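Just below is one structure, and these are the notes that go with it.
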């Protein structure tokens, strides 16, 4: 019997801050504390740090630094993109239809719901197949019927499926629609080159790539205008009001730079750990089924269902064994809803109650994976026995 | 001649993080890094820290912890309050008029402009007197004519005038309007007791009271509903989506707790420094006039005009002498606009070009003040000589 250990396999929910990133952030809390909008030396030092950070991020995204807007995280970036474009379309006679798919993060999904329900925009949702891949033909038809903005997630947070963003963006553009992608889960693992991806807007969040929580970015291609969703001061060229969060912006940029300087080593490691995990679970744990795409999935991401087992119960038992996992997105124990994402993939309600997401990280070891597979065998076996009684 | 020194007199623009606050934040970057929405031990530790922080803040505000929503700062809090209430009023047949005054922070002023110009809400602006105090009778008349929400700044950022919030809130309530205040500049110096203030919503930003940048809060009185402006996950009881920024939230709460535990000592010190400064400048610097209210002003806040002198030029010369000051709000050098705030107080354009704000802090010393008065005498004298030529 393996010794009990603590295994964090929820890197899609959040990652620790890289110690190298901490080191560069620290002086901006207590020493270089000026407001970056101030004209004096304290302000100028902060402003310089922010513009350096913007350059660093632009290098990874292959864009101009002026095309990057700093935000408080992925949810704000998504909201800014969708609300900002939608209202700008309305102001300038653009098409009022917003196109998404069922596997969007809720910051996109719920925002489009509100834009539709409360603010009278139109909404269309493209179907996906069993693996979570967008139906390109349906997407093209919806765009051809007229659309202002399409937003398709780069890689889904719950089942890890990667979408063909560049192809979808081109389809949208052919029919005159703008294209946004939520790249929050893909960052640090997939290319963020906005020229290759051909996107008009792209959302990022630092705490998914070993940067701090509470800071993110929205890429906005030159020439695309938005009605500001956080209005006030003229920060970020009038696109996002609010005193710059100098330490976290500096930290995010350095975290992104590091993640992409080291991307090959990290993703190779993730993939090895993930494949060991998937193989071990599918071959050794009762009733395990892989969800999401078998190949087109995030290197760090494994997801399963165990039909008839309540995901929350499974998570609790794994937690007792020291394993931090997730039911899908970072959900709360006690929420007895089946997963919308799994339902959209065509799983039935009972299957959609039993989702398990395990996401590896830089520190994950072979021993962690072995321990997790054995723990899962044990827990799933016991839960099926309970169900039987 | 006094030795040259570095004097930071721009505490209204931003304050350094209290070292005691840094200490409590640090573990949440690298050790307790779980997503507070996750159900495992990593998530629960983060969630516990956030709920403890909420309790701490509620104690200072004299409210329930459930009435506090964490945001990314003052600008977001203002936007959330105004947009959220306005759209909720529209959805439920409330009065569509939003009432502000000319000395609002731009996060309120520009947001109401957008709600009016782009989203078709009504707007009314209450006049102020020469000191920046709201005309209560005019405010009452506007509310009596019908209004959904009034938003009046607690203490102005540019001239430091404190408004009689409790009186104004009661007037608004008598006529069925909700009342929001931007308390960003007042926090750490004025009471934030929301029961005494009688406000329905109140915005705060941590970096004004020796907490970190990039985090703030919105107090929302029980029973008041908002259409979410940052939608997505069900964080903050569905009122504000986005992964919790655990370290900064923990830091903000502790900074607020410290600021109010020590408020008497701090404000007494601010007031001594400020009065020494105001006395020295008015009696010793050519043409100096105090702006804002002579008594009802923030303890830390001194503001002046020097008619005919360009504020930006003055700031540059002070910066060369090591003094960090501001023209009003944290503005950019090179912006040649007269101050809207000073114009609203009835100053002419030439006067409104010459605003100077000096805001003292915990570390400010008598020597700093003496040095600043002498530097100002010298710089103002020289600039008047230049103007004459």
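Protein chains in written order, with this note's numbering: chain A, 34 to 422; chain B, 34 to 422. Positions of the beta carbon are idealized from the N, C-alpha and C atoms, including for glycine. Keep in mind that this is a model prediction, so the values were computed, not measured.
If residue i and residue j are in contact, beta carbons under 8 Å, what's the gap, nearest whole angstrom?
i, j, result
"residue 384 of chain B", "residue 338 of chain B", "5 Å"
"residue 342 of chain B", "residue 387 of chain B", "4 Å"
"residue 213 of chain B", "residue 184 of chain B", "4 Å"
"residue 55 of chain B", "residue 62 of chain A", "6 Å"
"residue 166 of chain B", "residue 196 of chain B", "7 Å"
"residue 75 of chain A", "residue 43 of chain B", "7 Å"
"residue 73 of chain A", "residue 146 of chain B", "Between residue 146 of chain B and residue 73 of chain A the Cβ distance is about 29 Å, and since that is not below 8 Å, they are no contact."
I need the straight-line Cα distance from residue i to residue j, nearest angstrom please.
i, j, result
"residue 141 of chain B", "residue 306 of chain A", "50 Å"
"residue 251 of chain A", "residue 277 of chain A", "15 Å"
"residue 87 of chain A", "residue 407 of chain A", "45 Å"
"residue 318 of chain A", "residue 411 of chain A", "8 Å"
"residue 70 of chain A", "residue 360 of chain A", "43 Å"
"residue 230 of chain A", "residue 198 of chain A", "6 Å"
"residue 162 of chain A", "residue 95 of chain B", "52 Å"
"residue 156 of chain B", "residue 200 of chain B", "21 Å"
"residue 223 of chain B", "residue 297 of chain B", "10 Å"
"residue 149 of chain A", "residue 129 of chain A", "10 Å"
"residue 400 of chain B", "residue 392 of chain B", "15 Å"
"residue 280 of chain A", "residue 208 of chain B", "45 Å"
"residue 180 of chain B", "residue 133 of chain B", "11 Å"
"residue 382 of chain A", "residue 405 of chain A", "26 Å"
"residue 227 of chain B", "residue 301 of chain B", "23 Å"
"residue 395 of chain B", "residue 295 of chain B", "11 Å"
"residue 304 of chain A", "residue 370 of chain A", "31 Å"
"residue 215 of chain B", "residue 49 of chain B", "21 Å"
"residue 110 of chain A", "residue 241 of chain B", "25 Å"
"residue 415 of chain A", "residue 321 of chain A", "14 Å"
"residue 308 of chain A", "residue 68 of chain B", "25 Å"
Excluding the 5 residues preceding and the 5 following residue i in the sequence, name in chain order all residues of the same chain whose CB lies nearer than 7 Å to its CB.
i, result
"residue 262 of chain B", "112, 113, 116, 117"
"residue 90 of chain A", "101, 250, 286, 289"
"residue 255 of chain A", "97, 100"
"residue 202 of chain A", "212, 230, 231, 232"
"residue 193 of chain B", "325, 330, 331, 334, 336"
"residue 283 of chain A", "57, 58, 61, 82, 86"
"residue 39 of chain B", "355"
Could you give the DSSP three-state label for residue i: helix, strand or coil?
i, result
"residue 29 of chain B", "Residue 29 of chain B is absent from the structure shown; chain B starts at 34 and stops at 422."
"residue 118 of chain B", "helix"
"residue 133 of chain A", "strand"
"residue 432 of chain B", "Shown here, chain B extends from 34 to 422; a query on residue 432 of chain B therefore has no answer."
"residue 186 of chain B", "coil"
"residue 330 of chain B", "strand"
"residue 258 of chain B", "coil"
"residue 322 of chain B", "strand"
"residue 236 of chain B", "strand"
"residue 274 of chain A", "coil"
"residue 395 of chain A", "coil"
"residue 423 of chain B", "Any question about residue 423 of chain B goes unanswered here, given that chain B covers just 34 to 422."
"residue 388 of chain B", "strand"
"residue 46 of chain A", "coil"
"residue 342 of chain A", "coil"
"residue 66 of chain A", "coil"
"residue 380 of chain B", "coil"
"residue 34 of chain B", "Confidence at residue 34 of chain B is low in this model, with a pLDDT of 49, below 50, so its placement is unreliable and the value that follows should be read with caution. Here residue 34 of chain B sits in coil by DSSP."
"residue 76 of chain A", "helix"
"residue 243 of chain A", "coil"
"residue 169 of chain A", "helix"
Using a Cβ-Cβ cut-off of 6 Å (strictly less than) and excluding sequence neighbours within five positions of residue i, which residues of its own chain qualify?
i, result
"residue 238 of chain B", "106, 107, 217, 249"
"residue 373 of chain B", "none"
"residue 188 of chain A", "195, 218, 219, 331"
"residue 397 of chain A", "306"
Once you ignore the five residues that flank residue i on each side, which residues in its own chain have a CB closer than 8 Å to its CB?
i, result
"residue 274 of chain A", "261, 263, 264, 265, 266, 267, 268"
"residue 291 of chain A", "51, 53, 54, 243"
"residue 204 of chain B", "169, 172, 173, 176"
"residue 418 of chain A", "none"
"residue 126 of chain A", "none"
"residue 375 of chain B", "191, 192, 324, 338, 361, 384, 385, 388"
"residue 84 of chain B", "98"
"residue 158 of chain B", "132, 133, 134, 135"
Any chance you could list the alpha helix (DSSP H) runs of at least 4 consecutive residues sitting entirely within the region 197-231 of chain A, in chain order? 198-207, 227-230
Going along the chain, which unbroken runs of the alpha helix (DSSP H) with 4 or more residues stay wholly within the region 88-114 of chain A? none
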